[in-house]
Amino acid sequence: MKSLGRFFILALAWLVAVSGLSAEDVVSEVTPPKPGTVSADRVNVRARASLIGERVTQLRKGDKVSVLAKVTVAPPRKNEPVDWLRIVMPAAGQTWVYLGFVEEGKVTVKKLNVRAGDGERFSIVGRLAKGDVVKEKRTAGDWIEIEHPPGAYAYIAAKFIDVGEADEEAEPEETPEAKSTDVSETEEPTEIAEAKPTESTPEANRSPRK
3 MKSLGRFFIL ALAWLVAVSG LSAEDVVSEV TPPKPGTVSA DRVNVRARAS LIGERVTQLR
63 KGDKVSVLAK VTVAPPRKNE PVDWLRIVMP AAGQTWVYLG FVEEGKVTVK KLNVRAGDGE
123 RFSIVGRLAK GDVVKEKRTA GDWIEIEHPP GAYAYIAAKF IDVGEADEEA EPEETPEAKS
183 TDVSETEEPT EIAEAKPTES TPEANRSPRK
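Heads up: the sequence shown begins at 3 in this note's numbering, then just goes up one per residue.
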């Protein structure tokens, strides 16, 4: 029984690490996904449900998204939105995988993290399985930017999205990333210092791990 309990604890910790969420955050899946419309201008889309999550793109008023889940942050963070939406990764976002685990356009390990940038310091925004096909866009060092795989996601503050009904047709945002430094959430936090990749992911049992 003790070993079984430990297994569930480890499994929960793994899920939290993969999603970038806190163990106390409340996640309500939206099934089937619902369409959403951005209600403000220059709204940040992030790789985590937090202002410290890296910004993957910005959306403009009227842009469309596909809502996958609602996330209520617990405990609430000071000066941050409490409610977020997990959405399909917008077209202007980026998805990257480690070069060493891809051969001839296919994943070679059992599970491979998809990240929001070219390094382990970037948040996980999806997962791939062995044999999955990836379409390369460009390389940067040991990392490959790929076309968004099925299931790639990001987060946006819920107060800036008008969510419709599931039977409405919704298309992911297709506009290019805005270059304005203004934001529609709260004040931008201090940039997080980058560190050399040292993280080992659970998806592969060989070195180097990414």
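Here a beta-carbon is modelled for each residue, glycine too, at the ideal position from N, C-alpha and C. Since this is a predicted model, take the numbers as computed values, not measurements.
Residue-chain proximity (residue i, chain D), Cβ-Cβ < 7 Å
| i | result |
| --- | --- |
| K36 | The displayed structure is made up of one protein chain only, and chain D is not part of it. |
Length of the line joining the Cα atoms of residue i and residue j
| i | j | result |
| --- | --- | --- |
| Y157 | G102 | 28 Å |
| K139 | G119 | 13 Å |
| G107 | R88 | 28 Å |
| R79 | K113 | 32 Å |
| I148 | N81 | 34 Å |
| T141 | R62 | 29 Å |
| Y100 | R129 | 12 Å |
| R208 | K137 | The predicted position of R208 is uncertain, since its pLDDT is 42 and thus under 50; a value taken from the coordinates is nonetheless stated next. Roughly 24 Å separates the two Cα atoms. |
| T74 | I54 | 16 Å |
| S52 | D85 | 10 Å |
| M91 | E105 | 24 Å |
C-beta atoms of residue i and residue j nearer than 7 Å
| i | j | result |
| --- | --- | --- |
| S125 | R57 | no |
| P37 | A159 | no |
| V47 | T59 | yes |
| K72 | S41 | no |
Nearest to residue i (by Cα), restricted to the options the options
| i | options | result |
| --- | --- | --- |
| N115 | A94, W86, I146, P92 | I146 |
| F162 | K66, I148, G128, V111 | K66 |
| G121 | P92, T97, P35, I54 | T97 |
| L117 | G133, G95, S30, D134 | Reading off the sequence, residue 117 comes out as Arg, not Leu. It is G95. |
| V135 | V73, V109, I54 | V109 |
Contact set for residue i: own chain, Cβ-Cβ below 8 Å, skip 5 residues either direction
| i | result |
| --- | --- |
| T39 | G64, D65, K66, V67, I163, D164, G166 |
| A76 | S24, E26, D27, V28 |
Residue range of the unbroken beta strand (DSSP E) whose run includes residue i
| i | result |
| --- | --- |
| D134 | Unbroken run through D134: none, as it is neither H nor E. |
| Q1 | For the chain, the structure presents residues 3 to 212; residue 1 sits outside this window and is missing. |
| A156 | 155 to 159 |
| A1 | The chain is shown only over 3 to 212; residue 1 falls outside these bounds and no answer can be derived. |
| V29 | 28 to 40 |
| N115 | 113 to 117 |
| N46 | 45 to 48 |
Same chain, Cβ closer than 7 Å to residue i, neighbours up to 5 away in sequence not counted
| i | result |
| --- | --- |
| T200 | Any reading at T200 is ruled out, since the residue's pLDDT is 36, under 50, leaving its predicted position unreliable. |
| F10 | Residue placement at F10 is flagged as unreliable, the pLDDT there being 40, under the threshold of 50; the coordinate-derived value follows with that caveat. Nothing listed; no residue qualifies. |
| Y155 | L70, R88, I89, V90, M91, V127, G128 |
Contacting residues, own chain, Cβ-Cβ under 6 Å from residue i (five flanking each side not counted)
| i | result |
| --- | --- |
| G153 | G128 |
| D144 | L101 |
| A168 | P34, K36 |
| H150 | M91, T97 |
| D43 | R62, K63 |
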